[in-house]
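Beneath this line is the structure, given in structure tokens, with notes to follow.
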Amino acid sequence: MPFTLPPLPYAFDALEPYIDARTMEIHHDKHHQAYVNNANKALEGTRWADMAPEDVIRSLGDLPEEKRTAVRNNAGGHVNHSMFWTIMAPAGKGGGGAPTGAAADQITKAFGTFEHFKEEFAKAAGSRFGSGWAWLVARNGAVSICSTANQDSPLMGEKIAGCSGTPILGIDVWEHAYYLKYQNKRPDYVTAWWNVVNWPRVNELLAKAR
2 MPFTLPPLPY AFDALEPYID ARTMEIHHDK HHQAYVNNAN KALEGTRWAD
52 MAPEDVIRSL GDLPEEKRTA VRNNAGGHVN HSMFWTIMAP AGKGGGGAPT
102 GAAADQITKA FGTFEHFKEE FAKAAGSRFG SGWAWLVARN GAVSICSTAN
152 QDSPLMGEKI AGCSGTPILG IDVWEHAYYL KYQNKRPDYV TAWWNVVNWP
202 RVNELLAKAR
């Protein structure tokens, strides 16, 4: 089946005041829809058209060279955003606060404290030049932070994306994710974003990664 745009699990304004409604509407309905449309166009008529999007981006090296860049950018964008919407929730209604359960345990084990983890994650998000993502990935029974360019995903592997593992948390630092509200102040966006992180969902993704 062709890729489809997943509905947001909340209203456009549900993440206010941390992420504004207009940004959410444009980000989801325009940017994500474009990734879906372009990925379907690139994959139409190929044996990859019926694969799950995560499996498609894991097998980029098998794609014909003339399709690889379009699929990397657009199927990557679809996978990244499909996860991104689910790891956010309205503040106080599933979003914000400190991690609990296995995610808290793994973060403490890897970074010592939640505050230190946030500092290191903010560095990865803030130092990504241009557009991209910062990630918390699960790999080999532990978690670590990495960053990818454009719409690359850790699922693409070290050789393509520069890092590998199963993403369990990620922040979009393309300007379209924050510019209407934060302009060029990416660090302010990253700081505000912690108020809507859906830690129960992160725990679900961590459990699946295991």
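In our numbering, the protein residues as written are 2 to 211.
Quick reminder that beta carbons are idealized off the backbone N, C-alpha and C, glycines included.
Here the structure is a predicted model, which is why all the values come from computation and not from measurement.
query	result
Can you give me the start and stop residues for the beta strand (DSSP E) that W136 sits inside?	G133 to R140
On the DSSP letters alone, give me the boundaries of the alpha helix (DSSP H) that P168 sits inside.	Counting along the chain, P168 falls outside any alpha helix (DSSP H), though it belongs to the beta strand (DSSP E) covering T167 to D173.
Classify A92: buried if its beta carbon has 16 or more other beta carbons within 10 angstroms, exposed otherwise.	buried
Beta carbon of Q243, beta carbon of L9: below 7 Å?	This structure cannot speak to residue 243, because the chain is shown only from 2 to 211.
Report the residue from V144, A143, I161 and S145 whose alpha carbon sits nearest the alpha carbon of N151.	I161
Based on DSSP bridge pairs, tell me the residues matched to I146.	L137
By the 10 Å Cβ neighbour count, where 16 or more other Cβ atoms means buried, how is R129 classified, buried or exposed?	buried
Given W194, which residues of its chain have a CB within under 7 Å of its CB, disregarding the five upstream and five downstream residues?	Y19 and I172
Would you mind reading off the limits of the alpha helix (DSSP H) that contains V191?	R187 to W194
Check whether the Cβ atoms of A111 and V72 sit closer than 7 Å, and answer yes or no.	no
I need the DSSP call for G127, collapsed to helix, strand or coil.	helix
Short check: CB of W200 to CB of S132, under 7 Å?	no
Report, in whole angstroms, the separation of the C-beta atoms of S148 and I58, which I expect to be a contact under 8 Å.	Contact doesn't hold; Cβ gap of about 17 Å is too wide.
So who's on the other strand from V198, going by DSSP bridges?	M89
Between Q107 and A210, what straight-line distance do the alpha-carbon atoms span, to the nearest angstrom?	13 Å
Between A43, N39, D63 and V80, which has its C-alpha nearest P54's C-alpha?	V80
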